[in-house]
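K.L.:
Just so you know, the sequence shown maps onto residues -22 to -1, 1 to 347 in mature numbering (1 follows the signal peptide of the UniProt record, and there is no 0).
Below is one structure. I have some questions about it.
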Amino acid sequence: MRILWLLVVTSLTWFLSLPASAAALAIPPFTPNVVDPHGYLDAAATERVNLELQRIRDESHVWGAVYIVDTLGGEPIENVAVKAFEKWQLGEKGVDNGLLLVLAIDDRKSRFEVGYGLEGTITDVASLRALDSYLAPGMREGNIEGAIVNAFGFLSRLVAQDPGAVLELQTPDIESTSGDDDMDWHRGLVAWGVFLVPLWLCIPLRNLWVGYRRRALFEEHPVLALRGDEQVAKPQATAGGGAFKWGILLFLSVNPGVFVFFLSAMEQLVYYGAVAVTALIALLVIFMPGRKYGSIERYQQFLEKVAKERADLIAKGHLEQTAAGDYRYTAAYHASRASSSSSSSSSSSSSSSSSGGGRSGGGGASSGW
């Protein structure tokens, strides 16, 4: 039961850390063809971007649009791009030639979302090249307008099959592939360490705390010790239990431990969520079991619960008393456990406006600057 409890608690840690992202970002109404609710572009810059998008539409029939936000609030940029594309129905209906650029300024993230009709030409590789080679340099310099124009310009030349753009796409971009600037490996290591320390120390610390509370209660009420020692005596442990415990700890250290490492390195919110939830769960695991020794009343309730559970096991033939205070699980108990395990394993065995009714193909690429 101790190992099962540890497994459940650890799993809950990472389920609870996943919703670390804030409430979903609300998509505003569409304003052709730049949606910039926080005003990162002034009126003149917005007009120049719109003129470029109109030129690209006239020459290559790509219906471009731009969505600029301050922060994603922890929501994946891919989700925001798809929601905006579908809400605004970018591109011509039946042609699906919409192309949406999403910029998250504070998060320093970007994404091109590509309509179905453009996926054959604007591949994920092409979108990534536009983001890394054309958008990112301008964004790092603070030239948002120029970055947008350059990124759309490269993709429009690809759609028009410009020989220079096609050749450039076929040439490896050494600068953009030289490293992953979005990964904070130190942050990932810290999160993994915070995960490993409670994983390996929670049980020993819990036992120390429970032992301290137990001694304090029994020193104050010595009569409880005699009756409690007999009633709380545990059945004989199954052989190999220690090896199983160490195996579970090693498994959990790697999986989900490695996922904690990588997700925390990629996302700061996951890091903070993982650290906070791990600390909370560790405190609960360590201190909650000692509550039964907090007072005579709680200890009496605990003894009654243990006595009832033991009586039920004896009545089922799953437990037998070998001596005063000593119990042993029977063959019937182990057989029922094996049967339950096998049955559970077998049962376990989704200008003019660029909004025209188009659909997103789910393709594109995301990057940072």
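The beta carbon of each residue, even a glycine, is placed where N, CA and C say it ideally should be.
1) Check this for me: beta carbons of N11 and L29, under 8 Å apart or not?
2) Take P6 and list the residues in its own chain whose beta-carbon comes closer than 7 Å to its own, dropping the five residues that flank it on each side.
3) Give the straight-line distance between the Cα atoms of L136 and S88, rounded to the nearest whole angstrom.
4) Please look up how many angstroms separate the CB atoms of L133 and A108, rounded, as I've assumed it's under 8 Å.
5) Are there three or more Cβ pairs, one per stretch, closer than 8 Å when the segment 80 to 98 is compared with the segment 38 to 51?
6) Would DSSP call K294 helix, strand or coil?
7) Would L186 and Y277 be called neighbours here (beta carbons separated by less than 8 Å)?
8) DSSP puts I46 in a beta bridge; with which residues?
9) Between V27 and I126, how many whole angstroms is the CB-CB distance? I'm expecting something under 8 Å.
10) Thinking C-alpha only, which one of V284, F90, R33 and N75 is nearest D110?
11) Figure out for me which residue from L113, N128, A138 and G120 has the closest Cα to the Cα of G98.
12) To the nearest angstrom, how far is the alpha carbon of S345 from that of G268?
13) Mind checking which residues open and close the beta strand (DSSP E) that includes F90?
14) If I follow the unbroken alpha helix (DSSP H) through M117, where does it start and stop?
15) Let's see if you can read the secondary structure: which residues bound the alpha helix (DSSP H) around G69?
16) Based on Cα-Cα distance, which residue from E123, V248 and D36 lies nearest to P54?
17) Please report the straight-line C-alpha distance between G342 and L227, rounded to a whole angstrom.
18) Would a C-beta distance cut-off of 8 Å place L113 and N128 closer than the cut-off?
19) Mark G189 as exposed unless 16 or more other C-beta atoms lie within 10 angstroms of its C-beta, in which case mark it buried.
P.N.:
Let's see:
1) On the sequence shown, residue 11 is found 33 positions in, with the first residue counted as 1. On the sequence shown, residue 29 is found 51 positions in, with the first residue counted as 1. Not a contact, by the Cβ cut-off of 8 Å.
2) Looking up residue 6 in the sequence shown gives position 28. Same-chain partners within the cutoff: V13 and P15.
3) As a position in the sequence shown, residue 136 is number 158, starting the count at 1. As a position in the sequence shown, residue 88 is number 110, starting the count at 1. Computed Cα separation, rounded: 20 Å.
4) On the sequence shown, position 155 is the one that residue 133 refers to. On the sequence shown, position 130 is the one that residue 108 refers to. Right, the Cβ-Cβ distance comes to about 5 Å (below 8 Å), so this counts as a contact.
5) yes
6) Translated into positions along the sequence shown, residue 294 becomes position 316. For K294, the three-state secondary structure derived from DSSP is coil.
7) Taking the sequence shown and counting its residues from 1, the one referred to as residue 186 is at position 208. Taking the sequence shown and counting its residues from 1, the one referred to as residue 277 is at position 299. No; because the gap between Cβ atoms is not below 8 Å, this pair is not in contact.
8) Residue numbering aside, residue 46 sits at position 68 when the sequence shown is read from its first letter. Beta-bridge pairing links I46 to L81.
9) Walking along the sequence shown from the start, residue 27 turns up at place 49. Walking along the sequence shown from the start, residue 126 turns up at place 148. The Cβ separation is near 5 Å, so the contact holds.
10) For the purposes of this step, residue 110 is taken as residue 132 along the sequence shown, with counting starting at 1. Of the candidates V284, F90, R33 and N75, F90 places its Cα closest to the Cα of D110.
11) As a working mapping, residue 98 is identified with position 120 in the sequence shown. Checking every option, the nearest Cα to that of G98 belongs to A138.
12) Position 367 of the sequence shown, counting from 1, holds the residue named residue 345. Position 290 of the sequence shown, counting from 1, holds the residue named residue 268. Cα-Cα distance, rounded: 49 Å.
13) As a first step, residue 90 must be located in the sequence shown, where it is residue number 112. That run of the beta strand (DSSP E) goes K87 to G93.
14) Position 139 of the sequence shown holds residue 117. Start and end: A114 to R118.
15) The count along the sequence shown starts at 1 and reaches residue 69 at position 91. It is not in any alpha helix (DSSP H) - G69 carries neither H nor E in the DSSP assignment.
16) Within the sequence shown, residue 54 is the residue found at index 76, counting from 1. Among E123, V248 and D36, the Cα nearest to that of P54 is on V248.
17) Your numbering for residue 342 matches position 364 in the sequence shown. Your numbering for residue 227 matches position 249 in the sequence shown. Going by the C-alpha atoms only, they are around 40 Å apart.
18) Counting from one through the sequence shown, the residue named residue 113 turns up at place 135. Counting from one through the sequence shown, the residue named residue 128 turns up at place 150. Contact flag set, yes.
19) Position 211 of the sequence shown, counted from the start, is the residue given in the question as residue 189. Exposed, since its Cβ has fewer than 16 Cβ neighbours within 10 Å.
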